[in-house]
Amino acid sequence: VQLQASGGGLVQTGGSLKLSCQASESIASFNIMGWNRQAPGKQREMVAFIDTIGTRNYANSARGRFTISRDNAKNILYLQMNSLKPDDTAVYYCHAYRARSSQNYWGQGTLVTVSS
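And the structure:
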């Protein structure tokens, strides 16, 4: 399984970005898909995740500003990020988990930089 993240870039405070994660196979088989991020000098942290029935969970820092969604027909996971802040600067990684095999898969990351 390959996960290809894209959509990162440089944006000003208050701006928006939409990240995409293209999977190499059907994402319908993944029980959970999500986004994590790692800022310079910090540990990787969960941003948001979504399960197969569409239940969404967000980190407190993302709730109200970010929206996670999945398009099973296109095999793409999205993260719409609005009202971006400098603290959102990080490498964002997409993640997928398949329960039947207890396998975790990670994408290569896409860099988001928010300037003040």
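Here the sequence shown is numbered in the numbering used here, starting from 950 and rising by one per residue. Glycine included, each C-beta is placed from N, C-alpha and C at the ideal position.
Pair within 7 Å by beta-carbon distance, residue i and residue j
{"i": "arginine 1049", "j": "phenylalanine 979", "result": "no"}
{"i": "serine 965", "j": "threonine 1059", "result": "no"}
{"i": "asparagine 1006", "j": "tyrosine 1042", "result": "no"}
{"i": "alanine 997", "j": "isoleucine 1017", "result": "yes"}
Strand pairing of residue i, partner residues [DSSP]
{"i": "serine 955", "result": "Ser969"}
{"i": "glutamate 994", "result": "Arg986"}
{"i": "isoleucine 976", "result": "Partner(s): none; isoleucine 976 has no beta bridge."}
Nearest residue (CA-CA) to residue i, options the options
{"i": "tyrosine 1027", "options": "Thr1062, Ala972, Thr1038, Lys1034", "result": "Ala972"}
{"i": "lysine 1034", "options": "Gln951, Gly990, Val996, Val1063", "result": "Val1063"}
Residue i, buried or exposed, once every other Cβ within 10 Å from all chains shown has been counted against 16
{"i": "glycine 1056", "result": "buried"}
{"i": "arginine 1012", "result": "exposed"}
{"i": "alanine 1039", "result": "buried"}
Kindly provide the ranges of any beta strand (DSSP E) runs that are 3 or more residues long and lie completely inside the stretch 1017-1061, ordered along the chain.
Every unbroken stretch of the beta strand (DSSP E) spanning 3 or more residues and falling wholly within the stretch 1017-1061 is given here in chain order: 1025-1030, 1039-1047, 1052-1055.
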